[in-house]
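Going letter by letter, the sequence shown gives residues 11 to 195 in our numbering. No residue lacks a Cβ here, since even glycine has one placed at the ideal position from N, Cα and C. Small disclaimer: the values here were computed from a predicted structure and weren't measured. Step one of this worksheet: look at the structure below.
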Amino acid sequence: MQTRCALVGMPGSGKSTVGRQLARRMGVPFVDLDHRLEQVLGSSIRTFFDRHGEEAFRDEETSVLAELADQPGPMVLSTGGGVVLRAANRDALRRCGHVLYLRASPDEIYKRVKHDQARPLLQVANPMERLRELYTQRDPLYREAAQFVIETGRPTVNTLVNMIVMQLDMAPAAPAADTPATAPT
């Protein structure tokens, strides 16, 4: 089975929850990009976002993702919802192995995150409208980056993990999954 994969999707689509269980099931390390970023930033994402803005945050995200993508060895990587906004990040995701898009509708996502104050892009007057805008912008980018689209609306986490394991079992090896993009000179 492919032992490197990255999960992408909207905020609240289940990337961290599913990723933890998937990594446990596969017997490989779980890496949460947002948690790794908070370690590097020395603050919460929301605090960094408020102080430095989205562009500075995306720069840090790109840097940390590139480092993770080029590390050899197995892992399940859970990403932030906006990671696909940059082409360089979509390329780095592919270096992580198979990319799986955990897809949920804006309505389903809203039910999951409506009380979560830690999501800076949703701290607006009309979060449902904002989710729809983000979904419209990001869905094509998730699809571009991913080899698999997994619908997360109804299944339990365990069912989703089973579905992903089956997909990975049947999939050919991801290109350059365990190899850095460039050879050292």
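By how many angstroms is the C-alpha of residue j removed from the C-alpha of residue i?
i      : j      : result
Leu47  : Val94  : 16 Å
Arg30  : Asn136 : 31 Å
Leu43  : Pro84  : 15 Å
Thr195 : Leu103 : With a pLDDT of 32 at Thr195, under the threshold of 50, the modelled position of that residue is not reliable, and the figure given next carries that caveat. Going from the Cα of Thr195 to the Cα of Leu103 covers about 23 Å.
Arg14  : Arg61  : 34 Å
Ala114 : Val175 : 19 Å
Asp80  : Gln133 : 34 Å
Gly90  : Asn172 : 23 Å
Arg164 : Glu118 : 9 Å
Mark residue i as exposed unless 16 or more other C-beta atoms lie within 10 angstroms of its C-beta, in which case mark it buried.
i      : result
Pro182 : exposed
Leu17  : buried
Thr57  : exposed
Asn107 : Inspection of the sequence shows that residue 107 is occupied by Gly rather than by Asn. Buried, by the Cβ-count rule.
Thr162 : buried
Are residue i and residue j close, meaning C-beta to C-beta below 9 Å?
i      : j      : result
Arg148 : Met20  : yes
Ala23  : Leu144 : The question names Ala, yet the displayed sequence has Ser at residue 23. In this structure, Leu144 does not lie closer than 9 Å to Ser23 by Cβ.
Val109 : Phe158 : yes
Leu141 : Tyr120 : yes
Val28  : Ser88  : yes
Arg100 : Ala155 : yes
Where does residue i sit, in a helix, a strand or coil, going by DSSP?
i      : result
Val18  : strand
Ser88  : strand
His108 : strand
Asp246 : Any answer about residue 246 is impossible in this case: the structure gives the chain only from 11 up to 195.
Arg164 : coil
Val93  : helix
Val41  : strand
Measure the beta-carbon distance from residue i to residue j and round it to whole angstroms, keeping in mind my assumption that it falls under 8 Å.
i     : j     : result
Leu78 : Val41 : 6 Å
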